[in-house]
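Here this note's numbering is used: the first residue of the sequence shown is 1, the next is one more, and so on.
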Amino acid sequence: MAGSASFNPFIVLGLVLILFDNAFQTEARAFFVFGDSLVDSGNNNYLATTARADSPPYGIDYPTHRATGRFSNGLNIPDIISEQIGSESTLPYLSPDLRGRRLLVGANFASAGIGILNDTGVQFLNIIRMFRQFEYFHEYQLRVRRLIGAEQTRRLVNEALVLITVGGNDFVNNYYLVPNSARSRQYRLPEYVKFLISEYRKLLLKLYRLGARRVLVTGTGPLGCVPAELAMRGTNGGCSAELQRAAALYNPQLIQMLRGLNNKLGSDVFIAANIQQMHTDFVTDPQAYGFVTSRIACCGQGPNNGLGLCTVLSNLCPNRDLYAFWDAFHPSQKANRLIVQQMMIGSTKYMSPMNLSTMMELDYMS
Ligand SMILES: *[C@@H]1O[C@H](CO)[C@@H](O)[C@H](O)[C@H]1NC(C)=O
Ligand SMILES: *[C@@H]1O[C@H](CO)[C@@H](O)[C@H](O)[C@H]1NC(C)=O
């Protein structure tokens with residue numbers, strides 16, 4: 001018997017949900033991504049380079065089942081972090097769709113093949129090196145200023161979460177790329193690691209000067225245990241001792257350098273993610289994480305499916321979730337989920353000085 005003008009709880013609930021939804025959209029923090037193929041979401045699709053993942057079977061488990069430029073069968077680490085902070089995935093900076101309000105979600109500047117050093121990845125020709133990623137970040141801020149003004153832009157950048165993943169290529173695609181590489185003639189490994197760390201430190205200070213105040217910095221994985229290295233230079237059927245030595249030298253010094261920077265800046269700007277430990281967990285006991293293997297790539301050919309590129313002609317495993325590695329170098333979507341889970345809630349063994357859930361709680365209160 002209710003008249004048409006009476007109170008309708010469903011309409012009211014709907015309105016409340018819309019209001020809430022809008023509130024969250026403006027509240028979700030922006031997210032910026034820098035680095036290499038582990039976090040590139042498709043910038044290289046727009047470049048003349050051989051470092052690309054824009055054809056099948058890449059993306060086979062992505063929501064669209066299309067290759068997007070992500071070096072994964074499905075989502076990559078930035079996608080899953082976006083999910084966790086409650087926002088949509090950041091678009092590649094070179095995507096023509098990144099304009100208008102989409103800019104406020106953040107942007108992904110990463111480019112497969114790059115390293116800390118300018119001379120890393122020269123064989124891939126046209127890629128976006130770190131200094132150029134930072135130039136784009138500056139350009140991005142100028143574009144956002146025209147949208148929301150200088151003060152709001154500064155806040156958006158200061159309050160954003162930033163992810164930077166770089167360094168692995170300085171070993172595999174530079175120092176160890178060919179026997180007697182220029183860098184290996186110039187430096188012994190311990191000196192090379194020190195050089196990388198000091199160059200990386202300069203890059204991170206530059207990022208700070210560009211406005212970043214919460215930066216998640218990932219170390220390298222166990223470089224010598226990826227299927228490519230098992231296939232190319234495994235020692236007695238095990239991981240490559242030389243690349244394992246590189247990772248073992250590099251990762252602790254990275255954590256130490258970040259701690260030093262935080263002390264200098266008087267704030268926990270840089271948060272170290274110990275990817276080495278996370279990967280080592282499933283390399284040593286794959287079954288405990290639901291994998292049948294961490295030694296054989298899902299997609300590839302040759303020993304361990306570790307040689308050459310992943311293409312339509314490669315071997316392809318039927319169930320990608322059972323493999324820690326999607327291709328010769330890159331984790332599967334399933335492994336990426338486990339990595340991000342540790343980033344969110346891991347103990348100080350994995351995350352220092354704190355995990356992302358603690359960081360978000362602190363930022364929410366301040
Ligand atoms: C890398 O190259 C850019 C552009 O040429 C230059 O400005 C920058 O100083 C170089 N970085 C290093 C560490 O040499
Ligand atoms: C990380 O996150 C979990 C769950 O939120 C929390 O209980 C734990 O204390 C955190 N650990 C550190 C070291 O911050």
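Every residue, glycine too, gets a C-beta built ideally from N, C-alpha and C.
Computed from a predicted model, the values in this text were never measured in an experiment.
Proximity to L203 [Cα-Cα], best of Q141, L117, I128: Taking the sequence shown and counting its residues from 1, the one referred to as residue 203 is at position 203. Of the listed residues, the one whose Cα sits closest to L203 is L117.
At least 3 beta-carbon pairs within less than 8 Å: the segment 257-273 vs the segment 235-243: no
Any heavy atom of ligand 2 within a distance shorter than 7 Å of the CB on M354? Within the sequence shown, numbered from 1, the residue matching residue 354 stands at position 354. Yes, the beta carbon of M354 sits closer than 7 Å to at least one heavy atom of ligand 2.
Out of curiosity, what's the CA-to-CA distance linking Y136 and S352? Numbered from its first residue, the sequence shown carries residue 136 at position 136. Numbered from its first residue, the sequence shown carries residue 352 at position 352. Going from the Cα of Y136 to the Cα of S352 covers about 29 Å.
Which listed residue (V193, D285, V217, L309) has its alpha carbon closest to that of L356: Start at 1 with the first residue of the sequence shown, and residue 356 comes out as number 356. With distances taken between Cα atoms, L356 lies closest to V217.
Considering only their Cβ atoms, is the gap separating A160 from F32 smaller than 8 Å? If you number the sequence shown from 1, residue 32 lands on position 32. If you number the sequence shown from 1, residue 160 lands on position 160. Contact flag set, yes.
beta-carbon E139 near ligand 1 non-hydrogen atom, thresh 7 Å: Here the question's residue 139 lines up with position 139 in the sequence shown. No; taking the cut-off as 7 Å, the Cβ of E139 has no heavy atom of ligand 1 nearer than that.
Tell me, please, whether the segment 61-73 touches the segment 141-157 by the rule of three or more beta-carbon pairs shorter than 8 Å. no
Does the pairing of the segment 128-143 with the segment 53-64 give three or more beta-carbon distances under 8 Å? no
Step through the CB atoms of chain E and report whether any lies within less than 8 Å of the CB of T218. Any reference to chain E falls outside this structure, which holds one protein chain only.
For Q277, tell me which candidate among Y200, C298, T348, Q141 has the shortest Cα-Cα distance. Residue mapping note: residue 277 aligns to position 277 of the sequence shown, counting from 1. Answer by Cα proximity: T348.
Suppose contacts are defined by Cβ-Cβ distances below 8 Å. Is Y46 in contact with L94 by that definition? Looking up residue 46 in the sequence shown gives position 46. Looking up residue 94 in the sequence shown gives position 94. For Y46 and L94, yes; Cβs fall inside 8 Å.
8 Å Cβ cutoff met for E306 and L207: Position 306 of the sequence shown holds residue 306. Position 207 of the sequence shown holds residue 207. Note on residue identity: the sequence assigns Gly, not Glu, to residue 306. In this structure, L207 does not lie closer than 8 Å to G306 by Cβ.
Hey, R43 and P96: beta-carbon distance below 8 Å or not? Position 43 of the sequence shown, counting from 1, holds the residue named residue 43. Position 96 of the sequence shown, counting from 1, holds the residue named residue 96. What sits at residue 43 in the sequence shown is Asn, not Arg. It is not a contact, given that the beta carbons lie outside the stated cut-off.
Based on Cα-Cα distance, which residue from I114, R102, L249 lies nearest to P190? The count along the sequence shown starts at 1 and reaches residue 190 at position 190. That would be L249, whose Cα lies nearest to the Cα of P190.
Does the separation of the CB atoms of C310 and C317 fall below 8 Å? Working through the sequence shown from its first residue, we reach residue 310 at position 310. Working through the sequence shown from its first residue, we reach residue 317 at position 317. No, these two residues do not count as a Cβ contact at 8 Å.
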